[in-house]
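Each residue of the sequence shown is one higher than the last, beginning at 34 in the working numbering.
See below for the structure under consideration.
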Amino acid sequence: MASHPASHSSPLHKRPSASESIGGAFWMFAAITLGFLAAAVALVAFLMWLDARGDNQSAAASTPAAATAHDHNAMSGATTDMHAHATAAGLESYAGAAPANAADLAAAHKPFPAEMPALQAGPLAKFNLVLTDRTVEVAPGVKYSAWAWEGGAPGPVIHVQQGQTVQITLKNNGAIPHSIDFHAARIAPNVAFRDVMPGKSFTFKFQANDPGVFMYHCGTKPVLMHIANGMYGAIVVEPKPGVLPQADKNYVIVASEWYMDGDGLKTPAEFNMTKAHARQPDWMTFNGYAGQYVTHPLTADPGELVRFWVVDAGPSLDTDFHVVGTIFNTAYPFGDMKPAHALHGVQTVTVPAGGGGVFDVKIDDPGLYPFVSHAFAAVDEGQVGLLKVGDVEGTMSH
Ligand SMILES: [Cu+2]
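In structure tokens:
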């Protein structure tokens, strides 16, 4: 794990402001969190930033996180400590579990593509979705025996334009019946969302008249288990042209929780219903893998309009979406895309389980801007990424 020269973190030093003076505690939390995620270089940047401020108190308090980042064995020790005080009947936490080579695994991980795919031309957009039982990774070295999609969890991002007819073909390659429920549809669920037997396919259509970003998921009972096992994804119904300002970058983020019966390091973990009912996840992720956009940041150029299309798949916890270092220029709470209903200049917006939200930011100063669920247990458990604005260094990917 290489350390990086001080100059790499210089964008973080720019323009000290009043907001930085109240941000010390926040950055301490962020540093600790990123340590668990083995985002060593981001940490180094944070620590250098703290050092540069001459804030001895903050720097001293961050030392354990720094040790964690530089010493894999120390990381394992921290994990053990975390377990010790998080044990209750049936609720032992595996949050933060990590193998010795977690940092290497995080760097080698191919991130889920957050970039919104292109539209299909014409009035009909067709999509093939394949459900399958497979092992996925939800954090570096942490395996989970999922009911998911060919590509893992979440399922592929579906992008259509308001007014298009959407044709979905669901193929069930899993071992038990599954189904698919599209929140973007106004359609009889007993017909369109019915169970599909193993080995069978089912096709249905709906017209995407309501713009926004919506969840799709398996709706077979117990739904809690089917969603928690990975059977969810996002569909973006883009408003008709001219309704929204043109975005330079469009990123789709699906938040979710993982409830595990083991740490997943040696053998894949499986679903734990007791924890799911208690709403005590082990990991919380953006696009299925803890901290993947810390090591592989999303990018934008300074001054570009970046639009986040966020779905919270749950199954049970909300996501409080926030971008550190900026303020939403425009927020479309709940995915209501009417410009007259939008909010401006707000800091954090809740995306409810089973709901969506759309967020525009425009950042002029180059730097690394974390995006998080600001319900901070979620950050510790993996709902954190970086938006890299401009040509700055200081990430794990280089
Ligand atoms: Cu299912």
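The beta-carbon is built from N, C-alpha and C at its ideal position, and this holds for glycine as well.
From a predicted model like this one, the values you see are computed outputs, not experimental measurements.
With a cut-off of 8 angstroms, the C-beta of M264 is classified as near ligand 1, since at least one heavy atom of the ligand falls inside that distance. Within its own chain, the residues whose Cβ lies closer than 7 angstroms to the Cβ of A386, once the five positions on either side in sequence are excluded, are D345, G347, P348, S349, L350 and D351, listed in chain order.
No Cβ-Cβ contact shorter than 9 angstroms links Y402 with A302. The Cβ neighbour count for I396, taken over all protein chains shown within 10 Å, is at least 16; the residue is labelled buried. In the DSSP annotation of this structure, the continuous segment of the alpha helix (DSSP H) that includes K308 starts and ends at M306 to A311. Taken from the Cβ of L164, at least one heavy atom of ligand 1 lies inside 8 angstroms. DSSP places D393 in no alpha helix (DSSP H) but in the uninterrupted beta strand (DSSP E) bounded by G388 to K395.
Looking only at S406, M306 and F409, the smallest Cα-Cα distance to A122 is reached by M306. Looking at the DSSP output, F237 bridges to I201.
For I260, the three-state secondary structure derived from DSSP is helix. The nearest non-hydrogen atom of ligand 1 is less than 8 angstroms from the C-beta of H211. Within a 10 Å sphere around the beta-carbon of H407 sit 16 or more other beta-carbons, which makes this residue buried.
Selection Y322, M293, Q240 and L257 evaluated against Q194 yields Q240 as nearest (Cα-Cα). The DSSP assignment places 157 to 172 and 175 to 182 as complete runs of the beta strand (DSSP E) inside the segment 115 to 183, in order along the chain (cut-off: 3 residues). Around the beta carbon of G196, fewer than 16 other beta carbons sit within 10 angstroms, so the residue counts as exposed.
T328 carries a helical assignment under DSSP once its states are collapsed to helix, strand and coil. I260 sits buried, since 16 or more C-beta atoms from the chains shown fall within 10 Å of its C-beta. V287 and P274 have their alpha carbons spaced roughly 24 angstroms apart. Two segments are said to touch when three or more pairs of C-beta atoms, one from each, lie closer than 8 angstroms; by this definition the segment 404 to 422 touches the segment 314 to 334.
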